[in-house]
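**Student:**
In the numbering used here, the protein residues as written are 40 to 132.
1. Would you kindly report the start and end of the unbroken alpha helix (DSSP H) that includes residue 107?
2. Return the Cβ separation of residue 124 and residue 118 in integer angstroms, given the expectation that the two are a contact with Cβ distance under 8 Å.
3. Give me the Cα-Cα distance between residue 82 and residue 51, rounded to the nearest whole angstrom.
4. For residue 97 and residue 59, I'd like the C-alpha separation in whole angstroms.
5. Rounding to the nearest angstrom, what Cα-Cα distance links residue 62 and residue 44 in this structure?
Below is the structure:
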């Protein structure tokens, strides 16, 4: 059983209903990043529509505290491993 944080402003009845629903559908919830399944691009894909005359720009990478840099690196690698994000090499942006 994994811990669940429940809002303090719920009534006792609402808390009990929430816990009952969470238990009933626990197989449908992603309890860790590895459990989260992606949505097929054939169903839904996010697009950013730009104006025709927009031009790419490149900003210098900002420095990070070495400890923070390692934390971010680990999180990005985890997202890459489970397929939530993926590298794009041919983007002009």
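No residue lacks a Cβ here, since even glycine has one placed at the ideal position from N, Cα and C.
**Tutor:** Well, looking at it:
1. To locate residue 107, count along the chain shown from 1; it is residue 68. Residue range 105-120 is occupied by the alpha helix (DSSP H) that includes residue 107.
2. The residue given as residue 124 occupies position 85 in the chain shown. The residue given as residue 118 occupies position 79 in the chain shown. About 5 Å separates the two Cβ atoms, so the contact holds.
3. By 1-based counting over the chain shown, the position of residue 82 is 43. By 1-based counting over the chain shown, the position of residue 51 is 12. Approximately 39 Å, taken between the alpha carbons.
4. Here residue 97 is taken as the residue at index 58 of the chain shown, counted from 1. Here residue 59 is taken as the residue at index 20 of the chain shown, counted from 1. Rounded to the nearest angstrom, the two C-alpha atoms are 50 Å apart.
5. Position 23 of the chain shown holds residue 62. Position 5 of the chain shown holds residue 44. If you draw a straight line from the Cα of residue 62 to the Cα of residue 44, it comes to about 14 Å.
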